[in-house]
Amino acid sequence: MENLISKKDLLEEANISYGQLYRWKRKNLIPENWFIRKSTFTGQETFFPKEDILLRIEKIKTLKDDLSLDELADMFSPSPTLTSLSAEELTKRNIVSNTALEMFNNVHGPTKTFTFNQILTLYVLNSLLQTGDVNRTEGIDLLKLFDENEQNVKNTGSELIFIRKMGVSFFVLTPEPATLFLEPQAKKIAHYKLSQCMEELKLKLS
Amino acid sequence: MERTQLKNISISGSGTSSGGEYNQVKVNGSAHIYGDLTCEEFKCNGSAHLEGNITTDTAKINGSTHFEGDVKVKEMTINGSTDIDGHLLCEELKVQGSSSIKGDVKGKEIHVRGSASVQGNVSSDEVDVKGQIKIKGDCETESFEARGNFKIDGLLNAGTIDVELLRHCEAKEIGGENITVKKTGDASGLKKLIKFFMSNHTDQLTAEVIEGDNLYLEHTHAEVVRGNTIEIGPGCDIKRIEYKTSLDIDQSAKVGTQEKI
Numbered sequence: 000m001e002n003l004i005s006k007k008d009l010l011e012e013a014n015i016s017y018g019q020l021y022r023w024k025r026k027n028l029i030p031e032n033w034f035i036r037k038s039t040f041t042g043q044e045t046f047f048p049k050e051d052i053l054l055r056i057e058k059i060k061t062l063k064d065d066l067s068l069d070e071l072a073d074m075f076s077p078s079p080t081l082t083s084l085s086a087e088e089l090t091k092r093n094i095v096s097n098t099a100l101e102m103f104n105n106v107h108g109p110t111k112t113f114t115f116n117q118i119l120t121l122y123v124l125n126s127l128l129q130t131g132d133v134n135r136t137e138g139i140d141l142l143k144l145f146d147e148n149e150q151n152v153k154n155t156g157s158e159l160i161f162i163r164k165m166g167v168s169f170f171v172l173t174p175e176p177a178t179l180f181l182e183p184q185a186k187k188i189a190h191y192k193l194s195q196c197m198e199e200l201k202l203k204l205s
Numbered sequence: 000m001e002r003t004q005l006k007n008i009s010i011s012g013s014g015t016s017s018g019g020e021y022n023q024v025k026v027n028g029s030a031h032i033y034g035d036l037t038c039e040e041f042k043c044n045g046s047a048h049l050e051g052n053i054t055t056d057t058a059k060i061n062g063s064t065h066f067e068g069d070v071k072v073k074e075m076t077i078n079g080s081t082d083i084d085g086h087l088l089c090e091e092l093k094v095q096g097s098s099s100i101k102g103d104v105k106g107k108e109i110h111v112r113g114s115a116s117v118q119g120n121v122s123s124d125e126v127d128v129k130g131q132i133k134i135k136g137d138c139e140t141e142s143f144e145a146r147g148n149f150k151i152d153g154l155l156n157a158g159t160i161d162v163e164l165l166r167h168c169e170a171k172e173i174g175g176e177n178i179t180v181k182k183t184g185d186a187s188g189l190k191k192l193i194k195f196f197m198s199n200h201t202d203q204l205t206a207e208v209i210e211g212d213n214l215y216l217e218h219t220h221a222e223v224v225r226g227n228t229i230e231i232g233p234g235c236d237i238k239r240i241e242y243k244t245s246l247d248i249d250q251s252a253k254v255g256t257q258e259k260i
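Residue numbers (numbering that gives the first Met the number 0), protein chains in the order written: chain B, 0 to 205; chain F, 0 to 260.
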């Protein structure tokens, strides 16, 4: 079972008021499915996935001075923003590296402008390459995986998991929340929530 | 492509249409429209049945209309009766007659002077009820003002909630910033008359949970009330209160347990 936090504890830990929580819910800054209803001795109570909600509230609090609530909602929403950027723009703004771009172009043929979904693919690939979690061949596998499951990547709420066992590696793309039970020799190298990647990316693009 | 001037349709008597794109659609008798309809102005003084979706700038229903699909409109006035099987997306909605919507209602300003029933959720910037509204889902709005009767089966979530009690109002959960629930003091002729006919109804608000920053409650029955500054007025019956800054309780109120957190 996921680690849950009750509404009352959340308000205290995050230091926000009921009004703020409800306002953010109204503005769709907090997804509906994070409100988990459970029975307790005082009747029904609302619980939240602890890590996700605390992270989200932290983000809202730090960003709300610079962005309006509507802009924030846009950032957190699973639908991609309508942006397309050129390759130069992407490298200039330090969103992806040349290596990632080059790999992408090798697989898909030369591309001049990238859609949001393509940028997301690049962003994830770039991040995996930068951390050294994957090598070039594995990166190509990732591009193919994203290419074949474009629809699933678009309708986020997906998680990407990279597993290696005795030098053999593979990617898993699964709906959120993923629960995987691995055998002892298998090692989870990387674990990405695509919705979070999307948020980071939207922030960089804005 | 050259855009041709849009035509009008006017159905007086009984008639059918297959739908399409028009400038003005006017029904004075009885009409059956079999497809989707796009127009600038839709007006129904008689009875109309539309099998498809409708997109229009203004819609005025003085008679009775049944929309089987979704309704997308900037300004909608319902003086008669309207049934919508799909969702209603509008900027301004005025219900002066009666309406029933199976889907969700999304709008900027929703005024109910008659009666409205919604099976889905309602979201808007402003909801103003001076008649009666029933919502099966949640109601999310910046300002919720009620001088009438409401029943919300889900969550009522609003920045400002201002309720003047008339008969029995009900919501499963209420959450917001400023919540005020008052019983009207002045008994105007109309209210006296309503009371005379509805004598078995008491002016009362019932909710399971009420949470907010600043609360003032009168004649409210709730399991739990939580907030920063809470003032409990006369006629309340509350099982449990959790407060942060201050709590004031009227002598005639009934309160189970109270806790400062």
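In this text, a Cβ means the ideal position worked out from N, Cα and C, and glycines have one as well. Given the structure is predicted, the values throughout are model-derived calculations rather than measurements.
#1: Note down the Cα distance separating Val171 (chain B) from Asn105 (chain B), rounded to an integer number of angstroms.
#2: Please name the residue, chosen from B:Thr173, B:Leu119, B:Leu71 and B:Ser126, that lies closest to Thr98 (chain B) on a Cα-to-Cα basis.
#3: Write down the C-beta distance between His348 (chain F) and Lys93 (chain F) rounded to the nearest angstrom, noting that I regard them as a contact closer than 8 angstroms.
#4: Any idea if Leu5 (chain F) is buried or exposed, counting beta-carbon neighbours within 10 angstroms, 16 or more meaning buried?
#5: Listed in chain order, which residues of the segment 135-160 of chain B have Cβ atoms closer than 8 angstroms to some Cβ of chain F?
#6: What residues in its chain sit with their C-beta under 6 angstroms from that of Asp121 (chain F), if we drop five residues either side in the sequence?
#7: Hey, how far is the Cα of Lys73 (chain F) from the Cα of Thr54 (chain F)?
#8: Residues of chain B with CB under 7 angstroms from Asn156 (chain F), in chain order?
#9: In this structure, how does DSSP classify Ser264 (chain F) when only helix, strand and coil are distinguished?
#10: Is the Cβ of Asp212 (chain F) closer than 9 angstroms to any Cβ of chain B?
#11: Determine the direct distance from the alpha carbon of Phe34 (chain B) to that of Val167 (chain B), and round the result to whole angstroms.
#12: Report the three-state DSSP secondary structure of Arg25 (chain B) (helix, strand or coil).
#13: Around the Cβ of Lys71 (chain F), are there at least 16 other Cβ atoms within 10 angstroms (buried) or fewer (exposed)?
#14: Considering only the alpha carbon of each residue, which of F:Ala206, F:Thr183 and F:Lys182 lies closest to Gly174 (chain F)?
#15: Residues of chain B with a CB under 7 angstroms from the CB of Asn61 (chain F): which are they?
#16: Quick check on Arg166 (chain F): does DSSP put it in helix, strand or coil?
#17: Let me know if Asn156 (chain F) comes out buried or exposed under the rule of 16 or more other beta-carbons within 10 Å of its beta-carbon.
#18: Looking at the structure shown, is His218 (chain F) part of a helix, part of a strand, or coil, going by DSSP?
#19: Rounded to whole angstroms, what is the Cα-Cα separation between Phe161 (chain B) and Glu144 (chain F)?
#20: By Cβ distance, which residues of its chain are closer than 8 angstroms to Met165 (chain B), with the 5 residues on each side in sequence left out?
In this structure, then:
#1: The sequence position of residue 171 (chain B) within the first sequence is 172, counting from 1. The sequence position of residue 105 (chain B) within the first sequence is 106, counting from 1. Using only the alpha carbons, I get a separation of about 23 angstroms.
#2: In the first sequence, the residue the question calls residue 98 (chain B) occupies position 99. Ranking B:Thr173, B:Leu119, B:Leu71 and B:Ser126 by Cα distance to Thr98 (chain B) puts B:Ser126 first.
#3: Because residue 348 (chain F) is not part of the residues shown, which for chain F are 0 to 260, the question remains open.
#4: Sequence index remark: in the second sequence, residue 5 (chain F) carries index 6 (1-based). Leu5 (chain F) comes out exposed.
#5: Residues of the segment 135-160 of chain B with a C-beta atom less than 8 angstroms from some C-beta of chain F do not occur.
#6: One-based indexing of the second sequence puts residue 121 (chain F) at position 122. Here the sequence assigns Val to residue 121 (chain F), which means Asp is not the residue at that position. The answer, listed in chain order, is Val104, Ile134 and Cys138.
#7: Taking the second sequence and counting its residues from 1, the one referred to as residue 73 (chain F) is at position 74. Taking the second sequence and counting its residues from 1, the one referred to as residue 54 (chain F) is at position 55. Taking the straight line from one Cα to the other gives about 9 angstroms.
#8: Position 157 of the second sequence, counting from 1, holds the residue named residue 156 (chain F). Under the 7 angstroms cutoff, chain B gives Tyr21, Lys24 and Arg25.
#9: Because chain F in this structure spans residues 0 to 260, residue 264 (chain F) falls outside the shown range and cannot be described.
#10: Numbered from 1 along the second sequence, position 213 holds the residue referred to as residue 212 (chain F). Output row for Asp212 (chain F): interface = yes.
#11: Along the first sequence, one-based indexing puts residue 167 (chain B) at 168. Along the first sequence, one-based indexing puts residue 34 (chain B) at 35. Between Val167 (chain B) and Phe34 (chain B), the C-alpha separation is close to 39 angstroms.
#12: Residue numbering aside, residue 25 (chain B) sits at position 26 when the first sequence is read from its first letter. In this structure, DSSP gives Arg25 (chain B) a helical state, which the three-state scheme calls helix.
#13: Taking the first residue of the second sequence as position 1, residue 71 (chain F) is located at position 72. Looking at its Cβ environment, which holds 16 or more other Cβ atoms inside 10 Å, Lys71 (chain F) is buried.
#14: On the second sequence, residue 174 (chain F) is found 175 positions in, with the first residue counted as 1. For the set F:Ala206, F:Thr183 and F:Lys182, the Cα lying nearest the Cα of Gly174 (chain F) is the one of F:Ala206.
#15: Reading the second sequence from its first residue, position 62 is the one you call residue 61 (chain F). Listed along chain B is no residue with a C-beta nearer than 7 angstroms to that of Asn61 (chain F); the closest approach is about 34 angstroms.
#16: Taking the first residue of the second sequence as 1, we reach residue 166 (chain F) at position 167. Residue state for Arg166 (chain F) is assigned as coil, using DSSP reduced to three classes.
#17: Your numbering for residue 156 (chain F) matches position 157 in the second sequence. That one is buried.
#18: Reading the second sequence from its first residue, position 219 is the one you call residue 218 (chain F). It is coil, neither helix nor strand.
#19: Taking the first sequence and counting its residues from 1, the one referred to as residue 161 (chain B) is at position 162. Taking the second sequence and counting its residues from 1, the one referred to as residue 144 (chain F) is at position 145. In this model, Phe161 (chain B) and Glu144 (chain F) are separated by some 52 angstroms (Cα to Cα).
#20: If you number the first sequence from 1, residue 165 (chain B) lands on position 166. Taken in chain order, the residues that qualify are Gln184.
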